[in-house]
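**Student:** Could you have a look at this structure, given as structure tokens, before my questions?
This is the structure we're talking about:
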């Protein structure tokens, strides 16, 4: 086999998998416009197809004993750990069973969707741009799943986020699409914050960011962390009433593992659209439909599930975090499913169904059934991609009648399409069965295993006994069952809204005739879909009829539908056919000892399948009754009778409005405050006022610039006169050097010299009566003495001036010995200054011990000595 | 031969300088302005050589006077050229008319 030619430690074949899409993105992005659409299509399909083939080889080369293929490319950087140790971060890729499976999904489903998109986007002027982004996305997604450590994963994580942003806003002419892209990006940033936080915590506690390194040192995550009160906040440092309320008697402690797991989960919730960060995904449907299928259903949004499964050993250390994951999963599944019930937009239904299914995946990984959760990722990729592509095919057909995005996706304008597009109809039907859980289809097996695990699993932190510092969180016995019944309810709703979509779209009468009434000319405009040369005049037809999509679009549908029906047998545990399950087993062997079967769940597996099957039956039957037999009449009745509730659900429980009113409103208010500060203070005071002052000064000074030479000359003359006067007049500047005033009382006075200057000093002991050349004198002062010294200066022009210097020596502090000679006098008492009483001169041997005494005692002694 | 006291030279120089300065400030004819500058320069020359008499051994004053003469010659050449150019533009040599850059 080709794969055997590579060393498992240096598996450079990954370069092919990774670089082909990167090259495709580069070529299409840089040269795509000149190459033309055919070349772009060839490049994109070759890149992703080649990556798929290399992935197949990689998949076959993965050892079945839990080993991994790895390829180290280069040392990226190293950071400093908790104890000053170096934590290396390499650009390293590794592939184990889970990654290999995921690679097959990404490249395989990716290839089918590329193929589909090459036809779907045919008339788009941004064809090359689209495939550049799509290839770039595949590259980033492969980086995400093959990265051997969190930083490399993070690069891919951000890369897919960016591609998602670019593709949601692909038709950015419409502001709605651009806004949706922005929303997705910003909501994802909130999650990424958690991921970065988790990385920092892992470096701190584990000293490693690679999967293996974290696994090896995971027990250090059992360190307790005080999370409240933070810092040195305590009852003493707070006001009494506040301290009693917010400071508990015992500090709140959690395991570091809980913090890491919750921070990781925040990232996962952002990327995988879980409550409360799910709001971006439904809006993301603004992008082209193949993008919705590839990025927002099959691959990128499952990255969060992948990350939880990848770091399952961290999550398992914290049953509390696992419970959070599972509960968030079930809440998301229920909420999204309920919103999906009454949406009219076909893609919106699928979007909420995706959010809901992602919730199921998180239930799976949250209850410790990592293989089951991951298997749902796997099957969901097929049936949801198939559903989205089917929806795309329908929209493509609807475009024959209308070119408006919203109206062409509105199910109220569809109906009866099974007549026109049989392949799309049957593949859509197959995928509907899979997602609704029709027995033996892929979705049945994967969902059923999740449900059973939720019912039967119990997560226990079995390693906590090794560090008996803190009691670990224990799952209440009802939690698993509550999750199970919640998931059953969500599954019922899933079956209902999926078949509602199916019946509304493909059954009944085509309601789209009314869109373009009186439409006659089939060749006007840019309508490329009308292959309706042979009109069937018996139909109530005005204008083109919907039609089946061309082969490049239907072929992926057929392949995906086949997988949607039969992929379940790769992991059908109840009937003991689970090749994929056994392949994945070694990856999740860390779960042993943490996840156990709950008491009282033994032997109930086949029994508990019944509610799952019932969910399918009830949901499907209800949808059939309402939308097939009664053609949607009961929905209208319900909408009239319970209008408020109906509208509330239709408006997505108004969660977006709630966020607008709270979080977004707060951020906006903050932004407004900063805008005001910017406008008034920065622009107003700092910029405008300064400019005004400068302009004012300029205006004043400009009056002096008359431009007449005579005025300048006159000013020059004035200046000349000033300089002359300065030269002629004597200056008596005295500098006093009083550095030794405190110690000896000496002050050196020096008068500035000048041409022909003579000096006479007054106020000295021996006052001069004559003018002399003496320009510097020394004055000595007694403590507390004040003295005025005046110097008279006369220059060559016989002009005279004088300058008086007031000198003062501070008095001695009370209690200090006055020293008549002026030498070594104590400096003055400056308030607030602590001055040691150091005797000057020779210290008598008997007094040396006094130097060691505290100041007070020393003074006491002094006083005593004086007495 | 009786010596003329240095103060006499200084007084003459001062008078010349004031005449030059006042002329420069009050007249508007560019040629007259140039001549006023010459007057002031020469009054400085006179002062320099007069002081040099006090220090007969030192010729710094006289040397400086030569420099001043050389600079004055250059100044006259450039100044007259400017006046000529100005005249060609404005058809006058009235200094107040040299206001093209204003406004």
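Residue numbers (this note's numbering), protein chains in the order written: chain A, 151 to 1017; chain B, 52 to 154.
C-beta: ideal position from N, C-alpha, C; glycine also.
(1) How is residue 342/A classed by DSSP in three states: helix, strand or coil?
(2) Go ahead and pull the three-state DSSP assignment for residue 954/A.
(3) Spell out the partners DSSP gives residue 898/A in its beta bridges.
(4) If the cut is a Cβ gap below 8 Å, which residues of chain B does residue 867/A touch?
(5) Who are the Cβ neighbours of residue 293/A in its own chain at under 7 Å, not counting the five residues just before and after it?
(6) Quick one: list the residues of chain A neighbouring residue 61/B, beta-carbon separation under 9 Å, in chain order.
(7) Should residue 430/A go down as buried or exposed, given a rule of 16 or more other Cβ atoms within 10 Å for buried?
(8) Which word fits residue 191/A, buried or exposed, when buried means at least 16 other C-beta atoms lie within 10 angstroms of its C-beta?
(9) Does the pairing of the region 279-288 of chain A with the region 163-181 of chain A give three or more beta-carbon distances under 8 Å?
(10) Which whole-angstrom value is the C-beta distance of residue 882/A and residue 941/A, which I expect to be below 8 Å?
(11) Determine the DSSP secondary structure at residue 145/B, reduced to helix, strand or coil.
(12) Any beta carbon of chain B sitting closer than 8 Å to that of residue 860/A?
(13) For chain A, is any of its Cβ atoms less than 8 Å away from the one on residue 152/B?
(14) Would a C-beta distance cut-off of 8 Å place residue 509/A and residue 479/A closer than the cut-off?
(15) Could you work out which residue in 462/A, 381/A, 243/A, 163/A is closest to residue 745/A when comparing CA atoms only?
(16) Would residue 857/A pass as an interface residue toward chain B - the criterion being a Cβ-Cβ separation below 8 Å?
(17) Mind checking the region 94-128 of chain B against chain A and listing, in chain order, the residues whose C-beta falls within less than 7 Å of any C-beta there?
(18) Could you check what DSSP says for residue 865/A in three-state terms: helix, strand or coil?
(19) Express the C-alpha separation of residue 646/A and residue 579/A in angstroms, rounding to a whole number.
(20) Less than 8 Å separating the beta-carbons of residue 659/A and residue 566/A?
(21) Leaving out five residues on either side along the sequence, give the residues of the same chain with a beta carbon under 8 Å from the beta carbon of residue 57/B.
(22) Taking 8 Å as the CB-CB limit, is residue 946/A close to chain B?
(23) CA-CA distance, residue 261/A and residue 253/A?
(24) Touch check for the region 459-477 of chain A and the region 760-779 of chain A: three-plus C-beta pairs under 8 Å?
(25) Three or more beta-carbon pairs under 8 Å between the region 392-405 of chain A and the region 340-350 of chain A, yes or no?
(26) For residue 195/A, which option in 209/A, 259/A, 236/A has the closest C-alpha, if you only look at C-alpha atoms?
(27) Distance, Cα to Cα, residue 968/A vs residue 907/A?
(28) With a Cβ-Cβ cutoff of 8 Å, do residue 799/A and residue 492/A count as a contact?
(29) Within the same chain, show all residues whose beta-carbon is closer than 6 Å to that of residue 322/A, passing over the 5 residues directly before and after it, in chain order.
(30) When you compare the CB of residue 863/A with every CB in chain B, is at least one pair closer than 8 Å?
(31) Indicate whether residue 208/A and residue 243/A have their beta-carbon atoms separated by less than 8 Å.
(32) Would DSSP call residue 68/B helix, strand or coil?
(33) Would you kindly report the start and end of the unbroken alpha helix (DSSP H) that includes residue 307/A?
(34) Would you report the Cα separation of residue 166/A and residue 633/A, rounded to the nearest angstrom?
(35) Determine the extent of the beta strand (DSSP E) in which residue 178/A is found, giving its start and end residues.
(36) Which stretch, first to last residue, makes up the alpha helix (DSSP H) that contains residue 650/A?
**Tutor:** To lay it out plainly:
(1) Position 192 of the first chain holds residue 342/A. Note: residue 342/A maps to helix in three-state DSSP.
(2) Here residue 954/A is taken as the residue at index 804 of the first chain, counted from 1. In the structure shown, residue 954/A sits in a strand (DSSP, three-state: E or B).
(3) Here residue 898/A refers to the residue found at position 748 of the first chain. The partner list for residue 898/A (beta bridge, DSSP) reads 887/A, 928/A.
(4) Translated into the one-based positions of the first chain, residue 867/A becomes position 717. Per Cβ cutoff of 8 Å: 72, 76.
(5) Here residue 293/A refers to the residue found at position 143 when the first chain is read from its first residue. The answer, listed in chain order, is 168, 302, 305, 306, 309.
(6) Here residue 61/B refers to the residue found at position 10 when the second chain is read from its first residue. Near residue 61/B there are no residues of chain A at all, since even the closest Cβ is about 14 Å away, more than 9 Å.
(7) The count along the first chain starts at 1 and reaches residue 430/A at position 280. Buried, because 16 or more other Cβ atoms sit within 10 Å of the Cβ of residue 430/A.
(8) Here residue 191/A refers to the residue found at position 41 when the first chain is read from its first residue. Looking at its Cβ environment, which holds 16 or more other Cβ atoms inside 10 Å, residue 191/A is buried.
(9) yes
(10) Taking the first chain and counting its residues from 1, the one referred to as residue 882/A is at position 732. Taking the first chain and counting its residues from 1, the one referred to as residue 941/A is at position 791. Sure, about 6 Å apart at Cβ, within 8 Å.
(11) Walking along the second chain from the start, residue 145/B turns up at place 94. Residue 145/B: strand per DSSP, three-state reduction.
(12) Here residue 860/A refers to the residue found at position 710 of the first chain. Closer than 8 Å to some Cβ of chain B, the Cβ of residue 860/A qualifies, so yes.
(13) Counted from its first residue, the second chain places residue 152/B at position 101. Closer than 8 Å: yes.
(14) The residue given as residue 509/A occupies position 359 in the first chain. The residue given as residue 479/A occupies position 329 in the first chain. Contact flag set, yes.
(15) As a position in the first chain, residue 745/A is number 595, starting the count at 1. That would be 462/A, whose Cα lies nearest to the Cα of residue 745/A.
(16) Taking the first chain and counting its residues from 1, one reaches residue 857/A at position 707. Cβ-Cβ to chain B under 8 Å: yes for residue 857/A.
(17) none
(18) Here the question's residue 865/A lines up with position 715 in the first chain. In the structure shown, residue 865/A sits in a helix (DSSP, three-state: H, G or I).
(19) Here residue 579/A refers to the residue found at position 429 when the first chain is read from its first residue. Here residue 646/A refers to the residue found at position 496 when the first chain is read from its first residue. Using only the alpha carbons, I get a separation of about 13 Å.
(20) As a working note, residue 659/A is residue 509 in the first chain. As a working note, residue 566/A is residue 416 in the first chain. Cβ atoms of residue 659/A and residue 566/A: closer than 8 Å.
(21) By one-based count along the second chain, residue 57/B stands at place 6. Here the set comprises 101, 102, 104, 105.
(22) Residue 946/A sits at position 796 when you count from the first residue of the first chain. Taking Cβ atoms only, chain B never reaches closer than 8 Å to residue 946/A, which makes this a no.
(23) The count along the first chain starts at 1 and reaches residue 261/A at position 111. The count along the first chain starts at 1 and reaches residue 253/A at position 103. Between residue 261/A and residue 253/A, the C-alpha separation is close to 12 Å.
(24) no
(25) no
(26) By 1-based counting over the first chain, the position of residue 195/A is 45. Selected option, being the one with the closest Cα: 259/A.
(27) Taking the first residue of the first chain as position 1, residue 968/A is located at position 818. Taking the first residue of the first chain as position 1, residue 907/A is located at position 757. Its pLDDT being 48, under 50, residue 968/A is placed unreliably by the model, and the measurement read from it follows with that caveat. Near 41 Å, if we compare the C-alpha coordinates of residue 907/A and residue 968/A.
(28) Counted from its first residue, the first chain places residue 799/A at position 649. Counted from its first residue, the first chain places residue 492/A at position 342. Yes, the Cβ-Cβ distance between residue 799/A and residue 492/A is below 8 Å.
(29) Numbered from its first residue, the first chain carries residue 322/A at position 172. 328, listed in sequence order.
(30) As a position in the first chain, residue 863/A is number 713, starting the count at 1. So, interface residue.
(31) In the first chain, the residue the question calls residue 208/A occupies position 58. In the first chain, the residue the question calls residue 243/A occupies position 93. No. Outside cutoff.
(32) To locate residue 68/B, count along the second chain from 1; it is residue 17. It is helical.
(33) On the first chain, residue 307/A is found 157 positions in, with the first residue counted as 1. Where residue 307/A is concerned, the enclosing alpha helix (DSSP H) stretches over 300-318.
(34) In the first chain, counting from the first residue as 1, residue 166/A sits at position 16. In the first chain, counting from the first residue as 1, residue 633/A sits at position 483. The straight-line gap from Cα to Cα measures roughly 43 Å.
(35) Here residue 178/A is taken as the residue at index 28 of the first chain, counted from 1. Not the beta strand (DSSP E): residue 178/A falls in the alpha helix (DSSP H), residues 163-185.
(36) The residue you call residue 650/A lines up with position 500 of the first chain. 627-656 is the extent of the alpha helix (DSSP H) around residue 650/A.
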